[in-house]
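Here the structure is laid out as structure tokens; the discussion comes afterwards.
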Amino acid sequence: MSDNNRFAQFKLVLLGESAVGKSSIVHRFVKNTFDNMRESTIGAAFLTQTITLPESNTTIKFEIWDTAGQERYKSLAPMYYRNANAALCVYDITSRSSFNKAQDWIKELKKQAPEGIVICLVGNKLDLENEREVDQQEVIEYVQELNQENDNVILSECSAKNGEGVLDIFNKIGRALPVEEVINGANNRSRQVGSRKPGVNLSRQQNQPQSSNCC
Amino acid sequence: MSNMNLTVNHNRSESGYSNNYSLLEMYGASDEEDKEEIDDHHQFDNVMEEIRANSLSSFVTPLNSQTIPKILSSDYDRYGFKKASLHQTITRKEYNEWFTDYSEYSLERMKKWKDLVNSSGIKYDDIPTRFPPKSDKTKKLIRRGIPSEWRGNAWFFYAGGYERLNKHVGVYDKIVKDTIGVKNKDTEAIERDLNRTFPDNIHFNNLPKDSKSVKDPKDIQDNDINNKPMIKSLRRVLVAFSHYQPQIGYCQSLNFLAGLLLLFMNEERAFWMLVILTERILPKVHSRDLDGVHIDQGVLMLCFKEYIPQLWNILGKNFEGEVISEDKILTKLPPVTLVTSSWFMSVFVGIIPIEAVLRIWDILWYEGSKTLFRFSLTICKYCLDNKTFKAKNDNDSGNTEFEQIEIFQFMQSYPKSLIDPNKIVDLCFKKIGGYGFGSISQDEINKCRIFVSKQRDKMKKKSLITNISEDERKMLNNDEIHDIYGFNRSIMNGVKWNNNISNKMKKRFSRKTSK
Numbered sequence: 035m036s037d038n039n040r041f042a043q044f045k046l047v048l049l050g051e052s053a054v055g056k057s058s059i060v061h062r063f064v065k066n067t068f069d070n071m072r073e074s075t076i077g078a079a080f081l082t083q084t085i086t087l088p089e090s091n092t093t094i095k096f097e098i099w100d101t102a103g104q105e106r107y108k109s110l111a112p113m114y115y116r117n118a119n120a121a122l123c124v125y126d127i128t129s130r131s132s133f134n135k136a137q138d139w140i141k142e143l144k145k146q147a148p149e150g151i152v153i154c155l156v157g158n159k160l161d162l163e164n165e166r167e168v169d170q171q172e173v174i175e176y177v178q179e180l181n182q183e184n185d186n187v188i189l190s191e192c193s194a195k196n197g198e199g200v201l202d203i204f205n206k207i208g209r210a211l212p213v214e215e216v217i218n219g220a221n222n223r224s225r226q227v228g229s230r231k232p233g234v235n236l237s238r239q240q241n242q243p244q245s246s247n248c249c
Numbered sequence: 009m010s011n012m013n014l015t016v017n018h019n020r021s022e023s024g025y026s027n028n029y030s031l032l033e034m035y036g037a038s039d040e041e042d043k044e045e046i047d048d049h050h051q052f053d054n055v056m057e058e059i060r061a062n063s064l065s066s067f068v069t070p071l072n073s074q075t076i077p078k079i080l081s082s083d084y085d086r087y088g089f090k091k092a093s094l095h096q097t098i099t100r101k102e103y104n105e106w107f108t109d110y111s112e113y114s115l116e117r118m119k120k121w122k123d124l125v126n127s128s129g130i131k132y133d134d135i136p137t138r139f140p141p142k143s144d145k146t147k148k149l150i151r152r153g154i155p156s157e158w159r160g161n162a163w164f165f166y167a168g169g170y171e172r173l174n175k176h177v178g179v180y181d182k183i184v185k186d187t188i189g190v191k192n193k194d195t196e197a198i199e200r201d202l203n204r205t206f207p208d209n210i211h212f213n214n215l216p217k218d219s220k221s222v223k224d225p226k227d228i229q230d231n232d233i234n235n236k237p238m239i240k241s242l243r244r245v246l247v248a249f250s251h252y253q254p255q256i257g258y259c260q261s262l263n264f265l266a267g268l269l270l271l272f273m274n275e276e277r278a279f280w281m282l283v284i285l286t287e288r289i290l291p292k293v294h295s296r297d298l299d300g301v302h303i304d305q306g307v308l309m310l311c312f313k314e315y316i317p318q319l320w321n322i323l324g325k326n327f328e329g330e331v332i333s334e335d336k337i338l339t340k341l342p343p344v345t346l347v348t349s350s351w352f353m354s355v356f357v358g359i360i361p362i363e364a365v366l367r368i369w370d371i372l373w374y375e376g377s378k379t380l381f382r383f384s385l386t387i388c389k390y391c392l393d394n395k396t397f398k399a400k401n402d403n404d405s406g407n408t409e410f411e412q413i414e415i416f417q418f419m420q421s422y423p424k425s426l427i428d429p430n431k432i433v434d435l436c437f438k439k440i441g442g443y444g445f446g447s448i449s450q451d452e453i454n455k456c457r458i459f460v461s462k463q464r465d466k467m468k469k470k471s472l473i474t475n476i477s478e479d480e481r482k483m484l485n486n487d488e489i490h491d492i493y494g495f496n497r498s499i500m501n502g503v504k505w506n507n508n509i510s511n512k513m514k515k516r517f518s519r520k521t522s523k
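Chains A and B are the protein sequences, given in the same order.
The numbering used here numbers the first residue of the first sequence as 35 and each following residue consecutively.
The numbering used here numbers the first residue of the second sequence as 9 and each following residue consecutively.
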């Protein structure tokens, strides 16, 4: 690993109604596979995947928390998005109600999640375009309105089934994450590891009580 | 009130909890029936026919000299699960290697069970419906595994299924009738999960072969026509359950529990087993606020701390890497509970290979909820003892969330590779060569549950646990939080919740508070 290859690690959570395809997006991203019938996620699943942003020569490792979508699991949600650097709020473009749910999640995150969390609103199942219930224009307007209030919600559509747009989501998020701050040590949530050899001192001094939010 | 009424009491009345289906109501409701349309009657008759058609079939391939080679050459196991893809960590070859030995073991077990049943004077044709009374000998046999051909009946017998069924003759059919065509939030959620329940099992999923035979476009439009009888059974059981237990409704994970039961018994029995499980073994775990999840995870964490302190030192930390102090265990469950809570909710289905799940279920129905804690501890300790786990924690840096997630990932993937159920059972119970978790008693778990539940009630009474925002919380200093959550010396001293653990806790507390 050359000196100018930079490395940072971030926590990313997936939120959204059940069966919108959260796990499918993750599996497309992490394993590049897709199952037509995927078992419902109970509790949470933990995965990691790395991307490289060539323009800044930065490697970003995503620590992915995939969560169960059913309403009642919400009581566990604060544990999920606590300290999260990024959140995917996923909806199914063929389901109006799932879009409403994704909006609820965005509201919830703005109230409860760490300040500066990168939020990406993701419409999945793009392969079912002819069954679309959620109009793209409407989503764009919704996000524009959000972003007027100094928010920076990223908008994306994808198909976990055929892979379209999935990697793009994570690249966009990678570019929006405060990589510089992390690498310069200004952030004590995510840190530069520099080299991933074991035994490297992982900046113990950063384990201060009640770390501040990420930016 | 409901919070105090912790359902560890095995004799708790059902009527306060469930939709009350009294016999009177069932047979006296002629007015309502008059209003029903003829269509509904037809529909009901059809449904009843479907239920009857399914009711005799157990989906387990019996083991004998003819079937064993067939199972070995198949892509699917004797329950219809795909050998290789369900748990991607085990290959078909590994499965067959294991099954070659285990099928012999299972045949030998069958002989032992036949001996015990015969010597207990129980007569039966094919599969017994009654089983030997509880005894040390029976318990020993249960722990070594019930033959799969007998599992459904044995589970039902030892879980107290007959008592339920006999008290509620015809109730299941009545609920099914009542819920025909019902649509609500629960049924919506059920629909979404039906085809996401055991997609790798031939009894649940339509293989491409089957769907080819459906040619009429009208049929294709009607989604249900493509569904296997098992999916229809699963729908009926889950809908009936959500109607009968409105405090629970439908909770994701019940689909896997009902699904597994349906491989071993008919709908009506599966329904009552689900009722027994959610009332008596996992109270409130599936309820709308998942209260029981928080309680049981609190209990499990106290067990970690007590019985696997090395593991607690690694995982009993908050996201900032600070060890969670005793008084805060229950207010802020450590992140590892995000891994272990699903073990309870789905009773290990999907967590470990299927045969190991079945072996734990054998013990669970016979011995009760302590089984869940015993095996959760076993699996965690086994993870801890693994080299990979040690390596992940080697540099003593398992202090931050990023190191923790590596450990979580390991704790999620490693159990899926534990193909030998005898190994897990031996580890759990053996005092020499195992962890000896058989010493954890039901009484201890019950007391622990009551303790944790009471503590949570105290927090709730202050109504701050859910309403307080993170900012408000920050504004309070630590001592105040201490008070708000009800963890202070007087409360701790006032509760005698566990002889094994409480004394230690008290000592630590008095030391701390007297400083």
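All residues carry an ideal CB built from backbone N, CA and C; glycine is no exception.
Please report whether the beta-carbon of residue i lies at a distance below 8 Å from any beta-carbon of chain B.
i, result
"A:Arg136", "Here the sequence assigns Ala to residue 136 of chain A, which means Arg is not the residue at that position. With 8 Å as the cut-off, A:Ala136 does not count as an interface residue toward chain B."
"A:Arg209", "no"
"A:Ala220", "With a pLDDT of 47 at A:Ala220, under the threshold of 50, the modelled position of that residue is not reliable, and the figure given next carries that caveat. No, no contact with chain B."
"A:Arg106", "yes"
"A:Ser58", "no"
"A:Leu110", "yes"
"A:Ala42", "no"
"A:Gly77", "yes"
"A:Gln226", "Because A:Gln226 sits at a pLDDT of 36, beneath the cut-off of 50, its placement in the model cannot be relied upon, and the following sentence gives the value as read from the coordinates. No, no contact with chain B."
"A:Ala194", "no"
"A:Asn39", "no"
Would residue i pass as a contact of residue j if the rule is Cβ separation under 8 Å?
i, j, result
"B:Val283", "B:Tyr252", "yes"
"B:Ile239", "B:Phe279", "no"
"B:Ser241", "B:Glu275", "yes"
"A:Asp156", "A:Ser131", "Looking at the sequence provided, one finds Val at residue 156 of chain A rather than Asp. Not closer than 8 Å, so no."
"A:Leu46", "A:Asn158", "no"
"B:Cys436", "B:Gly446", "yes"
"A:Tyr125", "A:Lys135", "yes"
"A:Met71", "B:Leu346", "no"
"A:Cys154", "A:Lys206", "yes"
"B:Leu268", "B:Val357", "yes"
"B:Asn263", "B:Leu290", "no"
"B:Lys378", "B:Ser449", "yes"
"B:Lys119", "B:Leu149", "no"
Would you grab the beta carbon distance between residue i and residue j for me? Rounded to a whole angstrom, and I think it's under 8 Å.
i, j, result
"A:Leu122", "A:Leu48", "5 Å"
"B:Val355", "B:Leu392", "With 8 Å as the limit, B:Val355 and B:Leu392 do not qualify as a contact, their Cβ atoms being about 22 Å apart."
"A:Leu162", "A:Ile217", "That belief does not hold up - the Cβ atoms of A:Leu162 and A:Ile217 are roughly 40 Å apart, past 8 Å."
Check the Cβ-Cβ distances between residue i and every residue of chain A, and say whether any is below 8 Å.
i, result
"B:Ser81", "no"
"B:Met353", "yes"
"B:Ile337", "no"
"B:Tyr493", "With a pLDDT of only 29 at B:Tyr493, under 50, the local geometry of the prediction cannot be trusted, and no value is derived from it."
"B:Phe249", "no"
"B:Asn321", "no"
"B:Gly324", "no"
"B:Gly358", "yes"
Whose Cβ in chain D lies nearer than 8 Å to the Cβ of residue i?
i, result
"A:Ser52", "Of the protein chains in this structure, namely A and B, none is chain D."
Is the beta carbon of residue i within less than 7 Å of some heavy atom of the ligand GDP?
i, result
"B:Leu173", "Judged by which ligands are present, the structure shown has none, so any question about the ligand GDP falls away."
**Asked** In chain order, what residues of the stretch 62 to 75 of chain A put their CB closer than 9 Å to some CB of chain B?
**Response** In summary, the residues of the stretch 62 to 75 of chain A whose CB is separated from some CB of chain B by less than 9 Å are Asp69, Asn70, Met71, Arg72, Glu73, Ser74, Thr75, in the order they occur in the chain.
**Request:** With 8 Å as the limit, tell me which residues of the stretch 81 to 98 of chain A have their beta carbon closer than that to any beta carbon of chain B; keep them in chain order.
**Result:** So the list reads Leu81, Thr82, Glu97, given in the order they occur along the chain.
**Asked** Would you call the stretch 414 to 424 of chain B and the stretch 77 to 89 of chain A touching, i.e. three or more CB-CB distances under 8 Å?
**Response** The stretch 414 to 424 of chain B, when compared against the stretch 77 to 89 of chain A, does touch it at the 8 Å Cβ threshold.
**Given 8 Å, three or more beta-carbon pairs between the stretch 98 to 105 of chain B and the stretch 138 to 152 of chain B** = With the cut-off at 8 Å, the stretch 98 to 105 of chain B and the stretch 138 to 152 of chain B do not touch.
**Prompt:** Taking a cut of 7 Å between CB atoms, which residues from the stretch 117 to 150 of chain A lie near chain B?
**Reply:** For the stretch 117 to 150 of chain A, the set of residues with a beta-carbon nearer than 7 Å to any beta-carbon of chain B comprises Asn117, Gln146, in chain order.
**Chain-ordered residues of the stretch 186 to 204 of chain B with a beta carbon less than 7 Å from chain A** = Of all residues in the stretch 186 to 204 of chain B, those with a C-beta nearer than 7 Å to a C-beta of chain A are Ala197, Arg200, Asp201, Asn203, Arg204, reading in chain order.
**Prompt:** Do three or more CB pairs link the stretch 335 to 342 of chain B to the stretch 357 to 365 of chain B at distances below 8 Å?
**Reply:** With a cut-off of 8 Å, the stretch 357 to 365 of chain B and the stretch 335 to 342 of chain B do not count as touching, because too few Cβ pairs lie within range.
**Three or more C-beta pairs below 8 Å linking the stretch 206 to 221 of chain A and the stretch 172 to 183 of chain A** = No, they do not touch.
**Request:** Using a Cβ-Cβ cut-off of less than 7 Å, list which residues of the stretch 289 to 310 of chain B approach chain A; keep chain order.
**Result:** Hits within the stretch, in order: Arg296, Asp297, Leu298.
**Item:** the stretch 293 to 307 of chain B contacting the stretch 184 to 196 of chain B, beta-carbon criterion three pairs below 8 Å
**Value:** The stretch 293 to 307 of chain B makes no contact with the stretch 184 to 196 of chain B: fewer than 3 CB pairs, one atom from each, lie closer than 8 Å.
**Item:** Three CB pairs or more closer than 8 Å across the stretch 282 to 300 of chain B and the stretch 102 to 111 of chain A
**Value:** Flag = yes, the stretch 282 to 300 of chain B and the stretch 102 to 111 of chain A touch.
**Request:** Say whether the stretch 187 to 203 of chain A touches the stretch 59 to 71 of chain A, bearing in mind that this needs 3 or more beta-carbon pairs closer than 8 Å, one atom from each stretch.
**Result:** With a cut-off of 8 Å, the stretch 59 to 71 of chain A and the stretch 187 to 203 of chain A count as touching, because enough Cβ pairs lie within range.
**Message:** Any C-beta of chain A within less than 7 Å: which residues of the stretch 411 to 441 of chain B qualify?
**Reply:** Taking 7 Å as the Cβ-Cβ cut-off against chain A, the residues of the stretch 411 to 441 of chain B that qualify are Ile413, Phe416, Gln417, Gln420.
**Request:** Could you list the residues in the stretch 261 to 284 of chain B with a C-beta less than 9 Å from some C-beta on chain A, going in chain order?
**Result:** Result list: Ser261, Asn263, Phe264.
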